[in-house]
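For the sequence shown, full-length UniProt numbering assigns the number 1 to the initial residue and increments by one for each residue that follows. Even for Gly, the Cβ is constructed at its ideal location relative to N, Cα and C. To keep things clear, I will list the structure first and then write my remarks on it.
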Amino acid sequence: MVNTYWMNAFPCSNVVFLRELSFDHSHILVSIYEDRSSGRKPFRYYNMWKMAPDYDALVAESCKEDSRGSKMYIILQKLRRLKNMLNQINKIGFSEIHKTEVTVRAELAELQSKLSQEPQNKKLMEQEQVVRKKCTGINKAFASSMSQKSKVSWVKFGYENSHIFHASLKSRRIQNRIFLIEDEHGNWCDTPNQIQHAFLEYYQKLLGSTTPGRRKVHQSVVDLGPKINDYHKEILLTDYTTKEVEEAMFSIDGIKHLVLMVMEVLFFIG
């Protein structure tokens, strides 16, 4: 309901529409909060990291180190090392891809301006070709990042509409933040501790506690619906091959190249 100017000026705002009561309209209560840290962000893989020069070699190297323990523990150790390696790739050339894109584009424009004044200058021609190639790669990485963040793969990117995606991302981040919530007792919670307690109380009551006097499920009711039979049990216990696992993993969109490296290490290196 708000525009870009409001989101930039008041990113930590919340609105509550009150009941009409005896009035002929609903009151609107707008609250503006201090900017609170959202805590540690979960790790997320970005497809643009594949564009790093030594990506394949670094991924393979991070998964070759030996680990001792159960199979699941070994896989977790490999994934942790892979995560650290990907974070290093991100810091080297992708952490501020949007700023790099603006800088390289300005550098290319400056070189092209000089080249228009000295069209026979071979040194400027070589520099322009190098920067143009660099700009093309950065634009591709930037577009990949924007597409993945905004979850829009069908949009045609361009300089004239990049601000639309930034606004879309900012709007999504604001929508994912909770500044105010009403608990089960009708109390409004507006501090991080109160909001956390309200969620924990609700889900502990829903999932983590027993309800006295709960009726048991009758077997006759269960028999009316579908159940797992002996054939299904045999399917779950059927042997599978490495090829079948590869085909299942490769069917996941967007991570085929990463799956290829991990599967290669886990199933072929050992």
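Near the ligand SAM: residue i beta-carbon under 8 Å from a heavy atom
i, result
"ASP239", "Absence of the ligand SAM from the depicted structure is noted, as is the absence of any ligand whatsoever, leaving it without description."
Residue i vs residue j beta-carbon contact at 9 Å
i, j, result
"TYR46", "PHE179", "no"
"GLU182", "GLU201", "no"
"MET7", "GLY137", "no"
"LYS83", "PHE23", "no"
Among the options, nearest to residue i - alpha-carbon criterion
i, options, result
"LEU108", "PRO42, GLN127, GLU65", "GLN127"
"LYS134", "THR103, GLU118, ILE195", "THR103"
"SER62", "MET51, VAL30, ARG81, GLY69", "ARG81"
"VAL16", "ASP24, SER22, PHE23, ILE28", "ILE28"
"CYS12", "ILE74, GLY225, THR191, LEU224", "THR191"
"ARG177", "LEU21, THR4, ASP35", "ASP35"
"MET85", "ASP56, LEU224, TYR231, LEU206", "ASP56"
Beta-carbon contacts of residue i that lie in its chain and below 6 Å, excluding the five residues immediately before and after
i, result
"PRO198", "Position check: residue 198 holds Ala in this sequence, whereas Pro was assumed. Excluding residues within five positions, the ones whose Cβ falls inside 6 Å are ILE181, ASP183, CYS189."
"PHE10", "ILE32"
"ASN14", "SER31, PHE179, LEU180"
"GLN77", "SER67"
Cβ shell of residue i (< 8 Å), same chain only, five flanking positions each side left out
i, result
"ASN90", "TYR46, TRP49"
"ASN121", "LYS114, LEU115"
"THR73", "One point to set straight first is that residue 73 is Tyr, not Thr, in the sequence displayed. Result list for TYR73: SER67, in chain order."
Collapsed DSSP secondary structure at residue i in the structure displayed
i, result
"ASN176", "coil"
"MET181", "According to the sequence displayed, residue 181 carries Ile and not Met. In the structure shown, ILE181 sits in a strand (DSSP, three-state: E or B)."
"VAL217", "coil"
"PHE43", "coil"
"VAL16", "strand"
"PHE250", "helix"
"TYR159", "For TYR159, the pLDDT reaches just 47, beneath the cut-off of 50, and the residue's location in the model is therefore unreliable, although a value from the coordinates is still provided. TYR159: helix per DSSP, three-state reduction."
Residue i - containing beta strand (DSSP E), residue span
i, result
"ILE32", "28-32"
Spatial neighbours of residue i in its chain, beta-carbon cut-off 7 Å, leaving aside the 5 residues before and after
i, result
"ASN139", "GLU101"
"GLY186", "none"
"LEU124", "LEU111, LYS114, LEU115, GLU118"
Limits of the unbroken alpha helix (DSSP H) element including residue i
i, result
"ASN8", "4-9"
"ILE195", "192-207"
"SER62", "55-64"
"LEU236", "230-236"
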